[in-house]
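Engineer:
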Amino acid sequence: MFMKNSKLLSIILGLVLLILAACNNNESKTVAVSSEDVSAFPSKEITFVVPYSPGGGFDTSVRLIAPYMEKYLPNDGTIIVKNAPGGEGNVGLSEIERAKPDGHTIGLANLPGHYANQVMDTAKYDLLNMEYVGNITTLDYITTLSAKSKYKTIEDLQNADVVNAGVVSVSSTDGLGLMAFAEELGINLNIITHEGSSEALLAAVRGDVDIVQFPYTSSVDYIESGDLVPLVMHSKERATDYPDIPTVGELGYGDLLNVTMGNRTIIATPGTPNEILTLLREAFDKAVADPDYMKQAEEAGLEFNSSNWESAEKLSNDGYNAMMSFKDLMMQDK
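Numbering (mature numbering (1 follows the signal peptide of the UniProt record, and there is no 0)) for the sequence shown: -21 to -1, 1 to 313.
This is how it looks when you write it as structure tokens:
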């Protein structure tokens, strides 16, 4: 009897230890780090992964900020930019997530846009697990109408049988944002996808589509030329250049901002030690406050509204929740 009880107790004890080990692994994803590792950081080049091709707005944002983050890193740290496009973010973001969590790999995320893969179950990464360094900028979007469209007002759009909409894809920030906007206002869209934002904007200029929704900075030249007519700003405040154009919040749909604004957010590998994250975050905070960086960012047309890692993490979580609320809408056009 004693032998049987001892064997049973051993089995129970083993199971308890396994459960405790699993709990500990789930509760803490942060890797332990020595004071020597912290004082030596960075001990090699930091790779800044951009999940887009060179030359675009996201790439430009990173190449602007990287030298200034270098300036404020300890130990004469250096940053190299690596473009890893493909899979609507899957290639680059997966590389960031799977890197060694020692702070030597960071990257850029387009939020909430990159959550689309997760919502549609096509992601090879989990942005909810990432560490946050800071938000470089938040892009304000604007809904515009083709000057050649027969629709001139929101009421016209609501009364139309169908409105031709130009987007890059249904899962892009412009596509999902426009679909969500139309869903809330009761506008029936016919979605027409394009290779890129330039192609979609030109389709609106030609009158091939009635409505588009892209960053204000990408749209303003077409507005000034009279080819596009501004309808609604997706921003917290009205545009200085167009004070008569209402914001989406003024129309009563302020929550849409969590879907219709674009955040260029710096992330790090899950499990990166807090001590290392602090050094990266301090370098970012000092970089965006650097007068030379601010001057270069302004010259590049970058909207200067950066935020620290805590705000970036909140923007990310809010964006994910907003995306999830439109999951059915996204899946029906998958």
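For every residue, glycine included, the Cβ atom is placed at its ideal position computed from N, Cα and C.
Note that this is a predicted model, so its numbers are computed, not measured.
May I ask you to verify whether the region 268 to 284 touches the region 145 to 156, counting CB pairs closer than 8 Å and requiring at least 3?
Structural biologist: no
Engineer: Can you name the residues that DSSP bridges to Tyr111?
Structural biologist: Here residue 111 is taken as the residue at index 132 of the sequence shown, counted from 1. According to DSSP, Tyr111 bridges with Ile246.
Engineer: Quick check: the Cα distance between Ala1 and Met109, rounded to an integer number of angstroms?
Structural biologist: The sequence position of residue 1 within the sequence shown is 22, counting from 1. The sequence position of residue 109 within the sequence shown is 130, counting from 1. Since pLDDT at Ala1 reaches only 40, below the 50 mark, its modelled position is unreliable, and the value read off the structure follows with that caveat. Each residue's Cα considered, the two are about 20 Å apart.
Engineer: When burial is assigned at 16 or more other CB atoms within 10 Å of the CB, is Ser128 buried or exposed?
Structural biologist: One-based indexing of the sequence shown puts residue 128 at position 149. Ser128 is buried by the Cβ-count criterion.
Engineer: Any contact of the region 123 to 140 with the region 77 to 87, i.e. 3+ C-beta pairs under 8 Å?
Structural biologist: no
Engineer: Report whether the distance from the Cβ of Ser295 to the nearest heavy atom of the ligand NAP is below 6 Å.
Structural biologist: In the structure on display, the ligand NAP does not appear, and there are no ligands present to speak of.
Engineer: Which residues in the same chain as Ile255 place their Cβ atom closer than 6 Å to its Cβ, once the five residues preceding and following it in sequence are excluded?
Structural biologist: Your numbering for residue 255 matches position 276 in the sequence shown. These residues qualify, in order along the chain: Phe20 and Gly82.
Engineer: DSSP on Asn5, reduced to helix/strand/coil?
Structural biologist: Taking the first residue of the sequence shown as 1, we reach residue 5 at position 26. Residue placement at Asn5 is flagged as unreliable, the pLDDT there being 37, under the threshold of 50; the coordinate-derived value follows with that caveat. Residue state, collapsed to three classes: helix.
Engineer: Taking only three categories from DSSP, how would you classify Phe27?
Structural biologist: Against the sequence shown, residue 27 aligns to sequence position 48. Correct three-state label for Phe27: strand.
Engineer: Using a Cβ-Cβ cutoff of less than 6 Å, which residues in the same chain neighbour Thr244 once the five nearest sequence positions on both sides are dropped?
Structural biologist: In the sequence shown, counting from the first residue as 1, residue 244 sits at position 265. Hits under 6 Å: Ala88, Leu90, Asn114 and Ala291.
Engineer: Out of curiosity, what's the CA-to-CA distance linking Asp135 and Pro46?
Structural biologist: In the sequence shown, counting from the first residue as 1, residue 135 sits at position 156. In the sequence shown, counting from the first residue as 1, residue 46 sits at position 67. Between Asp135 and Pro46, the C-alpha separation is close to 49 Å.
Engineer: State the CB to CB distance for the pair Ile171 and Ala139, rounded to an integer number of angstroms; the pair is presumed to be in contact (CB under 8 Å).
Structural biologist: For the purposes of this step, residue 171 is taken as the residue at position 192 of the sequence shown. For the purposes of this step, residue 139 is taken as the residue at position 160 of the sequence shown. Contact check for Ile171 and Ala139: beta-carbon distance about 15 Å, past the 8 Å limit, so the pair fails to qualify.
Engineer: Touching or not, the region 210 to 217 and the region 229 to 243, by the rule of three or more beta carbon pairs under 8 Å?
Structural biologist: Three or more beta-carbon pairs separated by less than 8 Å link the region 210 to 217 to the region 229 to 243, which places the two stretches in contact.
Engineer: Any idea what DSSP makes of Thr226, helix, strand or coil?
Structural biologist: As a working note, residue 226 is residue 247 in the sequence shown. Correct three-state label for Thr226: strand.
Engineer: What does the Cβ neighbour count give for Glu76, buried or exposed, with the cut at 16 atoms within 10 Å?
Structural biologist: Mapped onto the sequence shown, residue 76 falls at position 97. The residue in question, Glu76, is buried, as its Cβ has 16 or more Cβ neighbours within 10 Å.
Engineer: Would you kindly report the start and end of the unbroken alpha helix (DSSP H) that includes Leu236?
Structural biologist: As a first step, residue 236 is located in the sequence shown; it is residue number 257 there, counting from the start. Leu236 -> alpha helix (DSSP H) spans Leu236 to Thr239.
Engineer: I'd like to know whether the C-beta atoms of Phe27 and Ala159 end up nearer to each other than 7 Å.
Structural biologist: Residue mapping note: residue 27 aligns to position 48 of the sequence shown, counting from 1. Residue mapping note: residue 159 aligns to position 180 of the sequence shown, counting from 1. Judged by their CB atoms, Phe27 and Ala159 are not nearer to each other than the 7 Å cut-off.
Engineer: Starting from Ile58, trace the beta strand (DSSP E) in both directions and tell me its first and last residue.
Structural biologist: Taking the first residue of the sequence shown as position 1, residue 58 is located at position 79. Run containing Ile58: Ile58 to Asn62, per the beta strand (DSSP E) assignment.
Engineer: If you follow the alpha helix (DSSP H) that Ile171 is in, where does it begin and where does it stop?
Structural biologist: Position 192 of the sequence shown, counted from the start, is the residue given in the question as residue 171. It is not in any alpha helix (DSSP H) - Ile171 instead sits in the beta strand (DSSP E) that spans Leu168 to Thr172.
Engineer: Nearest-angstrom Cα distance between Ile121 and Leu181?
Structural biologist: As a first step, residue 121 is located in the sequence shown; it is residue number 142 there, counting from the start. As a first step, residue 181 is located in the sequence shown; it is residue number 202 there, counting from the start. Near 16 Å, if we compare the C-alpha coordinates of Leu181 and Ile121.
Engineer: So Leu72 is in the beta strand (DSSP E); what residue range does that whole segment cover?
Structural biologist: In the sequence shown, the residue the question calls residue 72 occupies position 93. No beta strand (DSSP E) holds Leu72; the alpha helix (DSSP H) holding it covers Asn69 to Arg77.
Engineer: Just how far apart, CA to CA, sit Ala247 and Thr132?
Structural biologist: Reading the sequence shown from its first residue, position 268 is the one you call residue 247. Reading the sequence shown from its first residue, position 153 is the one you call residue 132. Approximately 44 Å between the Cα atoms of the pair.
Engineer: I believe Gly156 touches Val98 by the beta-carbon criterion, under 8 Å. Please report the beta-carbon distance rounded to the nearest angstrom.
Structural biologist: What you label residue 156 is simply residue 177 of the sequence shown in a count that begins at 1. What you label residue 98 is simply residue 119 of the sequence shown in a count that begins at 1. Their Cβ separation, rounded to whole angstroms, is 14 Å, which puts Gly156 and Val98 out of contact at 8 Å.
Engineer: Go to Tyr47, then tell me how far its alpha helix (DSSP H) extends in each direction, as first and last residue.
Structural biologist: Taking the first residue of the sequence shown as 1, we reach residue 47 at position 68. Tyr47 -> alpha helix (DSSP H) spans Gly36 to Tyr51.
Engineer: From Ser40 to Val29, what distance separates their C-alpha atoms?
Structural biologist: Reading the sequence shown from its first residue, position 61 is the one you call residue 40. Reading the sequence shown from its first residue, position 50 is the one you call residue 29. Those two C-alpha atoms are separated by around 10 Å.
Engineer: How would you label Glu67, buried or exposed, when you count the other beta carbons within 10 angstroms and need 16 or more for buried?
Structural biologist: As a first step, residue 67 must be located in the sequence shown, where it is residue number 88. Buried.
Engineer: In the DSSP assignment, the beta strand (DSSP E) including Gly145 goes from what residue to what residue?
Structural biologist: Position 166 of the sequence shown, counting from 1, holds the residue named residue 145. Note, Gly145: beta strand (DSSP E), Val142 to Val146.
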